[in-house]
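Enquirer: Please see the structure below; I have some questions.
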Amino acid sequence: RFYSKIINIFKCKCGFETYSFEKILDFPLLFKEDCNKIKLTELLDDYFKKEKIKFETKCEKCKKKEEHIKAIYFSQPPNILILSLQRRNERRRRKNNAKIKFPEKLDIGKYIDKECGHKDENEYILYGIGNHLGDMNFGHYYAYIKLAKEGWFEYNDSKVNGCSDVEKSFPSAYILFYKKNEKS
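Mapped onto my numbering, the consecutive letters of the sequence shown carry residue numbers 3 to 186.
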């Protein structure tokens, strides 16, 4: 399963909650304009952070149009977690080449809704990295893939080269593929 199910929780000031569910294939993680070095966990924290929103309809409980707090959580984590790094700034017409540190093992436990029954499905292993060298108008794509027993390989056009290890902090990564750890 490549898609995730997420739950959107809207909580009124009176404490009443409403919910909506949706399926998502990938998670677009936005870079801040002025960053030149960032951790993947910071981007995830920003994606899943709670936010205040103005509700256009009346609360079912207090019958008022109150500000709500919106929270997003996984209600069903995917088997394959796809994280898309949004390096493009369309307004400024340039690419953010910030270095991003990403772990080989990723724990998403704090982003899982505790009432949905998937709280133990939280550990993921990095197995694929899509890269882009160049600017917004021109560039070259290549990938790193980890094979279970053989290790990391670089796939670049018609060339395949083994790698002793993949650098975990570089400006060319634009999409990360994590698979659920079979132990979790």
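Built from N, CA and C at the ideal position, the CB exists for glycine as well.
In chain order, which beta strand (DSSP E) runs of at least 3 residues are fully inside the region 74 to 109?
Expert: Counting only runs of 3 or more, we get 82 to 88, 101 to 103 and 107 to 109.
Enquirer: So, are the CB atoms of P80 and F4 less than 9 Å apart?
Expert: Yes; because the gap between Cβ atoms is below 9 Å, this pair is in contact.
Enquirer: In this structure, does DSSP put G111 in helix, strand or coil?
Expert: The answer is helix: DSSP assigns G111 an H, G or I state.
Enquirer: Based on Cα-Cα distance, which residue from K7, E62, K66 and I102 lies nearest to L32?
Expert: Closest by alpha carbon: I102.
Enquirer: In the DSSP assignment, find the unbroken beta strand (DSSP E) run with E184 in it and report its ends.
Expert: Premise fails: E184 is in no beta strand (DSSP E) and is neither H nor E.
Enquirer: What is the DSSP secondary structure of Y49, reduced to helix, strand or coil?
Expert: Helix at Y49.
Enquirer: Whose C-alpha, out of K66, C165 and K116, is nearest the C-alpha of K148?
Expert: Comparing Cα positions, the closest option is C165.
Enquirer: Could you tell me how far apart the beta carbons of K72 and F12 are, in whole angstroms, since I believe they sit closer than 8 Å?
Expert: K72 to F12, Cβ: 6 Å. Contact.
Enquirer: Taking the Cβ atom as the reference point for each residue, do G132 and F179 lie within a distance shorter than 9 Å?
Expert: A contact, by the Cβ cut-off of 9 Å.
Enquirer: Less than 9 Å between the beta carbons of K116 and H70, yes or no?
Expert: Contact flag unset, no.
Enquirer: So, with DSSP's three-state summary, where would you put S171?
Expert: Caution applies to S171, whose pLDDT of 46 falls short of 50 and renders its modelled position unreliable; the model cannot decide the point.
Enquirer: For S186, I'd like the list of residues in its chain whose CB is within less than 7 Å of its CB, leaving aside the five on either flank, ordered along the chain.
Expert: At S186 the pLDDT is 47, less than 50, meaning the model places this residue with poor confidence and gives no usable figure here.
Enquirer: DSSP beta-bridge partners for E19?
Expert: E19 is bridged to K13.
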